[in-house]
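Have a look at the structure below, then the notes.
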Amino acid sequence: MGNLGKGAYGKVVLAKKGGKLYAIKQIEKKKLAKECKEYQAFVEKELLRKINHPGIIKLVKCYQEPKHLNYVLDYCHGGDFTTFLRFNYKHFTNDMRRFYIAEIVNVLEFLHGVGITHRDLKPENIMLSKDGHLKLIDFGTAEITRCTILDQKFKDDIEKQKKAVA
Ligand SMILES: Nc1ncnc2c1ncn2[C@@H]1O[C@H](COP(=O)(O)OP(=O)(O)OP(=O)(O)O)[C@@H](O)[C@H]1O
Ligand SMILES: [Mg+2]
């Protein structure tokens, strides 16, 4: 149904099922493999599968195709925060500033509380939901060593993969 965004390893497309819109992050396996960055996609999938927080994008399901890993995400109707800032920043009131800062701090407190560092916090990775709340996306570069919601075996495997390509 059209492109929503493009990244280093693929793109995000809009899809509709049962009258509901979704954003599908399509990651090119070949591009990941070329840079030995498969672990980044595993980290993103595993974190999004385990996290349940209103300020973080929800992973509905994931599936593979021969050339792609597909992550089906809830669609954020409000678009990305970069575009939002570009058009609205001049009209921000102090209440709006406080609201968005509080939403970001709330998510970061939650993440740091469970030992996750996002490491790529920027307006392009913050989306707006239909009701105007912020949703953090893009967990491919998150640091998970101290993460308490992932299995130790998963974290050990990721560490091994990271060391192998370092
Ligand atoms: N759930 C969503 N709803 C609407 N748009 C989305 C959603 N997820 C991602 N996008 C759009 O796709 C873009 C890329 O998504 P994401 O940051 O997850 O991919 P990426 O490949 O890691 O990109 P990069 O590494 O360049 O940041 C976002 O900046 C946003 O514009
Ligand atoms: Mg991104």
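FYI, the numbering for the sequence shown is -15 to 150, going by our numbering. Every residue, glycine too, gets a C-beta built ideally from N, C-alpha and C.
Whole-angstrom C-beta distance between residue j and residue i, which should lie under 8 Å
i	j	result
Glu87	Gly39	6 Å
Asp104	Asp122	6 Å
Leu69	Tyr55	Contact doesn't hold; Cβ gap of about 25 Å is too wide.
Leu57	Ala7	5 Å
C-alpha gap between residue i and residue j, whole angstroms
i	j	result
Gly(-6)	Ser113	23 Å
Gly63	Met111	6 Å
His37	Val91	8 Å
Lys119	Lys4	18 Å
Gly97	Ile128	12 Å
Pro50	Thr125	24 Å
Cys60	Gln48	23 Å
Ile41	Ile11	17 Å
Gly2	Thr66	30 Å
Residue i burial status per 10 Å Cβ neighbour count (16 or more: buried)
i	result
Ile85	exposed
Cys131	buried
Gln136	exposed
His102	buried
DSSP three-state assignment for residue i, whether helix, strand or coil
i	result
Leu16	helix
His21	The amino acid at residue 21 is misidentified as His; the sequence shows Lys. Three-state result, Lys21: coil.
Ile133	coil
Ala148	helix
Next on the checklist: Which complete beta strand (DSSP E) runs does the segment 61 to 121 hold, if anything under 3 residues is left out?
Outcome noted: Every unbroken stretch of the beta strand (DSSP E) spanning 3 or more residues and falling wholly within the segment 61 to 121 is given here in chain order: 110 to 112, 118 to 120.
Checklist entry - How would the residue list near ligand 4 read, in chain order, if you kept each one whose beta-carbon is closer than 7 Å to any heavy atom? => result Here the bound small molecules are ligand 1 and ligand 2; ligand 4 is not part of this structure.
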